Amino acid sequence: MFNKEQDVFNVLLGSVSEGVIVVDALQNITETNASTDKMFGYDRRELIGQHLNVLIPNNYHPTHAAHFTGFMKDQERRQMGHGRDIFGKRKDGSTFPVEAGLNPFQLDGKNFVMALVIDISVRKEQERKITELNAELELKIEKRTKELNDSVLQLKSLNKELHKENKRRIEAENKTKKALQREIELNELKTKFLSLVSHEFKTPLSGILTSAMLLGKYQLSEQQERRDKHIKTITEKVHYLNNILNDFLSLEKLELGKVGYKLSNFKISKIVNEVVYNANMLLKEGQQIKYPEHIDDLSLTQDEKIMELALSNLIHNAIKYSPDHSIINLEIKQNSTQTTFKVIDNGMGIPENDQKNIFNRYFRAENALLTHGTGIGLNIVQTHLENLGGHISFESEENKGSTFTITIPNQFNP
Ligand code: ADP
């Protein structure tokens with residue numbers, strides 16, 4: 036076609052690595068270079084004269100025809116495909132992706148189009164591989180993220196379990212510690228009891244023995260007065276020993292948490308009568324208990340036995356720690372919610388230094404050591420009263436006297 040310049044064109048076309056295809060206005064191929072022939076699997080110049088459709092996959096023929104007509108009208112150079120993938124068809128019918136740039140030109144008044152074609156199979160394959168790798172990578176990341184999330188969840192629940200286990204262990208440890216502490220305290224109590232029995236029981240027991248022996252000797256009827264004196268001594272001392280034993284028993288019960296309180300409604304005068312009656316037997320020479328006034332109508336809903344125990348403890352102490360011929364006052368007042376018991380004595384009082392320890396178990400004030408006692412009573416009373424919603428306190432001055440005060444709700448609601 037290019038007659039004179041044939042040689043120049045051949046050199047140019049042959050040196051271009053892209054495929055060059057020239058078609059006329061009817062899409063007949065008028066020129067190809069060696070790259071094109073090779074790319075599409077044709078022998079050299081085999082394509083000349085054939086319709087362009089031989090290089091286009093059949094399914095693209097209809098759209099291609101329309102595009103070509105449009106292009107011939109506009110006569111503008113442009114890239115084929117407008118961003119869509121386009122394909123070439125080899126002689127053997129196989130297809131491959133291409134990129135093609137179109138350049139219209141005129142020669143001798145005729146329209147031609149020169150297409151520059153590049154086989155982009157390798158690039159497309161690489162792109163496909165990259166996309167595939169990316170997808171694989173995403174899948175892997177997704178899987179790993181899921182695995183990580185699962186691990187985090189597992190760790191969290193493990194952590195929760197550990198936390199619970201830890202709590203259980205601490206609770207068990209605390210329980211064991213408490214049980215151990217209780218065991219230690221019970222042992223301590225038993226040791227104390229043994230030392231007390233050997234010390235505190237000796238004197239009353241020998242007193243009882245002496246009185247019993249003497250009783251046997253006073254056989255004449257006119258010796259009744261002496262017999263009575265010894266019977267009184269024996270009764271008192273048995274009473275005393277019995278009190279100590281009771282104190283120890285209630286201590287052990289309190290320690291083991293075995294105390295069950297029995298609530299009932301009772302007249303305050305009933306327990307006061309009982310306590311004062313028993314206390315009268317313990318009074319020293321010339322001592323007097325002043326009975327409280329206006330208590331006939333008062334009653335309590337409390338544990339009657341415990342209230343009796345608390346009151347008798349305070350009155351026995353007042354007797355024990357006051358001299359002959361002293362007066363012990365018992366005052367009782369009640370308002371709408373609580374009742375106050377006051378036991379007032381003019382006895383030896385409690386040294387200021389010892390006052391802070393008075394409710395501690397086994398504690399005995401320095402000035403009380405010559406008087407028999409165990410240091411248990413007030414401790415028990417305090418525990419019981421607090422268990423029943425009450426309170427005990429005191430005011431005391433050494434050598435002047437003491438006032439012990441119990442306040443207790445009129446009606447205990449456990
Ligand atoms: P105990 O009288 O058997 O020693 P308590 O627990 O009843 O045990 O009392 C503890 C201590 O409180 C007594 O040893 C004594 O020092 C002191 N105390 C209690 N009541 C009085 C009181 N009314 N006057 C003086 N001291 C008292």
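Letter by letter, the sequence shown follows residues 36 to 449 in this note's numbering. Just so you know, even glycine gets a beta-carbon here, dropped at the ideal spot from N, CA and C. Keep in mind the model is a prediction, meaning the values are calculated, not measured.
{"Asked": "Any non-hydrogen atom of the ligand ADP within 6 Å of residue 396 CB", "Found": "no"}
{"Asked": "beta-carbon residue 399 near the ligand ADP non-hydrogen atom, thresh 6 Å", "Found": "yes"}
{"Asked": "Residue 278 beta carbon near the ligand ADP (any heavy atom closer than 6 Å)", "Found": "no"}
{"Asked": "Closest by C-alpha distance to residue 350, when choosing among 279, 420, 261 and 363", "Found": "363"}
{"Asked": "Residues bridged to residue 149 [DSSP beta-bridge criterion]", "Found": "57 and 138"}
{"Asked": "Residue 234 burial status per 10 Å Cβ neighbour count (16 or more: buried)", "Found": "exposed"}
{"Asked": "Cβ shell of residue 37 (< 6 Å), same chain only, five flanking positions each side left out", "Found": "Only weak support is given to the placement of residue 37: the predicted model assigns it a pLDDT of 47, under 50, and the question is left unresolved by the model."}
{"Asked": "N- and C-terminal bounds of the beta strand (DSSP E) containing residue 452", "Found": "The structure shown does not extend to residue 452, since the chain is modelled only from 36 to 449, so the question has no answer here."}
{"Asked": "Distance between beta carbons of residue 377 and residue 366, contact taken as under 8 Å", "Found": "4 Å"}
{"Asked": "Beta-carbon gap between residue 309 and residue 271 smaller than 7 Å", "Found": "no"}
{"Asked": "Secondary structure of residue 215, DSSP reduced to three states", "Found": "helix"}
{"Asked": "Exposed unless 16 or more other CB atoms sit within 10 angstroms - verdict on residue 352", "Found": "buried"}
{"Asked": "Identity of the residue in 415, 201, 404 and 213 nearest residue 283 by Cα", "Found": "415"}
{"Asked": "Three-way DSSP call (helix, strand, coil) for residue 103 in this model", "Found": "helix"}
{"Asked": "Enclosing alpha helix (DSSP H) for residue 389 [first to last residue]", "Found": "387-390"}
{"Asked": "Exposure of residue 198, with buried meaning 16 or more beta-carbon neighbours within 10 Å", "Found": "exposed"}
{"Asked": "Buried versus exposed call for residue 410 [16 or more other C-beta atoms within 10 Å across all chains shown]", "Found": "buried"}
{"Asked": "Option nearest residue 246 by Cα separation, candidates 257, 298, 229 and 273", "Found": "273"}
{"Asked": "Cβ-heavy atom distance, residue 352 to the ligand ADP, below 6 Å", "Found": "yes"}
{"Asked": "Beta-carbon proximity check, residue 335 vs residue 445, cutoff 7 Å", "Found": "yes"}
{"Asked": "Length of the line joining the Cα atoms of residue 154 and residue 185", "Found": "48 Å"}
{"Asked": "Under the three-state DSSP convention, the category residue 36 falls into", "Found": "Its pLDDT being 48, under 50, residue 36 is placed unreliably in this model, and the value from its coordinates should be taken loosely. Looking at residue 36 - three-state DSSP - the assignment turns out to be coil, as it is neither helix nor strand."}
{"Asked": "Buried or exposed (CB count within 10 angstroms, at least 16 for buried), residue 110", "Found": "exposed"}
{"Asked": "At least 3 beta-carbon pairs within less than 8 Å: the region 57-67 vs the region 137-152", "Found": "yes"}
{"Asked": "Cβ-based neighbour list, residue 264, same chain, cut-off 6 Å, excluding 5 preceding and 5 following", "Found": "none"}
{"Asked": "For residue 428: DSSP bridge partner residues", "Found": "440"}
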